[in-house]
Amino acid sequence: MFNITVNGQHHDVDADPNMPLLWVLRDILGLTGTKFGCGAAQCGACTVHLNGEAVRSCVTKINRAAGQDIVTIEGLSANNNHPLQLAWNEINVPQCGYCQSGQLMSAAVLLRENPNPSDEDIDDAMSGNICRCGTYQRIRAAIHKAAAMQTEGAKL
Amino acid sequence: MRKLIATSIIAVITGIITLSFRLETVKKHTYATLPKDSVGSAKAFMSVYRVLMSSRCMNCHPSGDAPLQGDDNHIHTMNVKRGVDGKGLYSVRCSNCHQAGNTAGLHMPPGNPKWGLPPANMRMVFQGRTPRQLALQLLDPKQNGGRTKAQLIDHMANDGLVGWAWRPGDGRTLPPMSRPAFAAQVRLWIAKGAYAPSAKAK
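Read top to bottom, the protein sequences are chains A and B.
All letters in the first sequence, in the order written, are residues 0 to 155 by numbering that gives the first Met the number 0.
All letters in the second sequence, in the order written, are residues 0 to 201 by numbering that gives the first Met the number 0.
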């Protein structure tokens, strides 16, 4: 039995210690916003926050997550109003949308650590998240927009 | 008289305890030595060099700020960068994919609790170094992480992340000799005087 905190809620999970965190989130807790992409930490679709770091949940076993704090796309903000979510919506970033929860979770770490990222910073942070639709330019624009919104919000 | 005997006994015991601590400290910082032998020492280092330049070691000691992958030493996919602490940047931190142990399966992320590159202020580059350059670099505390020769031996022989090279997970080639054989060559290199090979050595 593993005790994990997901989006602020405690859960006791009865799972094999080697079960990927992704399976726990999707199949046991029903949080299907996080996607299975490659299963090999190659694409970033399954990115969630583990103690604030953007881990790939497909290769992160539940025994690493035990007792830790996990945030999924469902918990990124209370009302889908994280600056990134607002910017994503405004710029219409997604095409098929499958990779976008992973993109957002990675971008959220970038903005937390670097409130005003350059294009190079965005490349450094986001190159582990692949988008088959090729929405990279809109992702970049949305991160810049979210950074500006965050700065404006901080001024208010 | 009894007081004197008691005081003497306490003094002797205190002395023994103090000495035992000193011996332990001294022991930590010593290593086996042999008569100086520049040829034998340099020859041993060439064996060490072949291991250090193998992909399992060199891929995390690159000349640039990106780790390498595979036996062809290609630049790590995903634009992974060293970062200040050697553990990556932003959402591309090493431990975001690399776990405390190898993930099973071909092309799955290898793992170790200490996975990472040397930090930006102590890059410890292997890639592109000649045997002489690498030997001199390894012996220089300003370039080797502040290690004494004894600590260098200990690092090569016992460090867990170094040891990963001999347990690299599915599908990865091993360094050209076993770890005990490697450690023996490191000890021999230093015991015989820690000589750097000549500039012509390849």
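Ideal placement from N, C-alpha and C gives every residue a C-beta, glycine not left out.
Please read these numbers as outputs of a predicted model, since none were measured by experiment.
Do residue j and residue i count as a contact pair if the criterion is CB distance below 9 Å?
i: SER40/B; j: THR172/B; result: no
i: CYS56/B; j: VAL161/B; result: yes
i: LEU110/A; j: LEU83/A; result: yes
i: LEU30/A; j: THR59/A; result: no
i: VAL5/A; j: LEU24/A; result: yes
i: PRO175/B; j: ALA134/B; result: no
i: ALA156/B; j: ARG122/B; result: no
i: ASN58/B; j: LEU51/B; result: no
i: SER105/A; j: MET125/A; result: yes
i: GLN184/B; j: SER46/B; result: yes
i: HIS92/A; j: THR134/A; result: The sequence shown places Val at residue 92/A, rather than the His named in the question. Yes.
i: LEU28/A; j: HIS9/A; result: no
i: TYR89/B; j: ASP123/A; result: yes
i: ILE61/A; j: ILE3/A; result: yes
i: PRO61/B; j: LEU116/B; result: yes
i: VAL47/A; j: ALA53/A; result: yes
i: GLN102/A; j: GLY36/A; result: no
i: LYS113/B; j: GLY159/B; result: yes
i: GLY168/B; j: ALA99/B; result: no
i: CYS57/A; j: PRO19/A; result: yes
May I ask which residues mark the beginning and end of the alpha helix (DSSP H) holding residue i?
i: GLN184/B; result: 178-190
i: ASN2/A; result: From DSSP, ASN2/A is part of no alpha helix (DSSP H) but of the beta strand (DSSP E) over 1-5.
i: GLU89/A; result: 82-90
i: LEU110/A; result: 99-112
i: VAL161/B; result: 159-163
i: ILE121/A; result: 118-125
i: ILE61/A; result: 61-64
i: LEU162/A; result: This structure does not reach residue 162/A, given that chain A is present from 0 up to 155, and the question cannot be answered.
i: VAL54/A; result: Per DSSP, VAL54/A belongs to no alpha helix (DSSP H); it is in the beta strand (DSSP E), 52-55.
i: VAL70/A; result: No alpha helix (DSSP H) holds VAL70/A; the beta strand (DSSP E) holding it covers 68-70.
i: ALA134/B; result: 130-138
i: LYS42/B; result: 37-51
i: MET57/B; result: 54-57
Which residues mark the beginning and the end of the beta strand (DSSP E) in which residue i is found?
i: GLN8/A; result: 8-12
Contact check, residue i vs residue j under 8 Å by CB: the rounded distance?
i: ILE189/B; j: LYS148/B; result: 5 Å
i: ALA200/B; j: ARG131/B; result: 6 Å
i: GLY192/B; j: ASP36/B; result: 6 Å
i: GLY7/A; j: GLY74/A; result: 7 Å
Whose C-alpha, out of the options, is nearest the C-alpha of residue i?
i: CYS168/A; options: GLY29/A, ARG131/A, ILE142/A; result: Coverage of chain A is limited to positions 0 through 155, which leaves residue 168/A absent and any answer about it impossible.
i: ILE152/B; options: GLY115/B, ARG81/B, LEU33/B, ARG186/B; result: ARG186/B
i: LYS34/A; options: CYS45/A, ALA40/A, ASN17/A; result: CYS45/A
i: PRO118/B; options: LYS86/B, GLY110/B, LEU138/B; result: LYS86/B
i: GLY82/B; options: TRP114/B, ALA99/B, ASP64/B, ASP70/B; result: ASP64/B
i: THR263/B; options: PHE44/B, ILE74/B, MET107/B, ARG146/B; result: Residue 263/B cannot be examined here, being either before or after the span of chain B that is shown, 0 to 201.
i: THR76/B; options: GLN136/A, ASN80/A, GLY127/A, ASP13/A; result: GLY127/A
i: GLU112/A; options: ALA39/A, ALA146/A, LEU75/A; result: ALA146/A
i: ALA65/A; options: ASN88/A, MET0/A, ASN115/A; result: MET0/A
i: ASP70/B; options: GLN98/B, HIS106/B, TRP114/B; result: HIS106/B
i: ASN111/B; options: TYR48/B, ARG166/B, ALA180/B, THR32/B; result: ARG166/B
i: ASP148/A; options: PRO114/A, ARG137/A, ASP120/A, ILE121/A; result: The sequence as given places Met at residue 148/A; Asp does not occur at that position. Of the listed residues, the one whose Cα sits closest to MET148/A is PRO114/A.
i: ALA86/A; options: CYS98/A, TYR97/A, ALA141/A, SER56/A; result: ALA141/A
i: CYS93/B; options: ARG55/A, VAL12/A, GLY7/A, GLY38/A; result: ARG55/A
i: ALA164/B; options: VAL79/B, ASN78/B, VAL91/B, ASN101/B; result: ASN101/B
i: VAL79/B; options: LYS144/A, ILE121/A, ARG137/A, GLY7/A; result: ILE121/A
i: PHE44/B; options: GLN98/B, LEU138/B, GLN150/B; result: LEU138/B
i: VAL124/B; options: THR32/B, PRO109/B, LYS42/B, TYR48/B; result: TYR48/B
i: ILE138/A; options: GLY152/A, ARG63/A, PRO116/A, GLY32/A; result: PRO116/A
Using a Cβ-Cβ cut-off of less than 7 Å, list which residues of the segment 52-83 of chain B approach chain E; keep chain order.
Judged by its chain identifiers, the structure shown contains no chain E, and its protein chains are A and B.
Please name the residues in the segment 107-123 of chain B whose beta-carbon is closer than 8 Å to at least one beta-carbon of chain A, in chain order.
MET107, PRO108
Short-range partners of chain A found in the segment 147-163 of chain B, where Cβ spacing is below 8 Å:
none
Residues in the segment 1-29 of chain A having any Cβ partner in chain B nearer than 7 Å
none
Residues, ordered as in the chain, of the segment 163-185 of chain B that lie near chain A by beta-carbon distance below 7 Å
none
Please name the residues in the segment 62-84 of chain A whose beta-carbon is closer than 8 Å to at least one beta-carbon of chain B, in chain order.
ARG63
Select from the segment 127-142 of chain B all residues with a C-beta closer than 8 Å to any C-beta belonging to chain A, and list them in chain order.
none
Chain-ordered residues of the segment 111-123 of chain A with a beta carbon less than 8 Å from chain B:
GLU112, ASN113, ASP120, ASP122, ASP123
Taking a cut of 9 Å between CB atoms, which residues from the segment 36-48 of chain B lie near chain A?
none
Return the residues of the segment 44-59 of chain A that lie within a Cβ-Cβ distance of less than 9 Å from chain B, sorted by chain order.
THR46, LEU49, GLU52, ALA53, VAL54, ARG55, VAL58, THR59
Can you list, in chain order, the residues of the segment 83-106 of chain A whose Cβ is nearer than 9 Å to any Cβ on chain B?
MET104, SER105, ALA106
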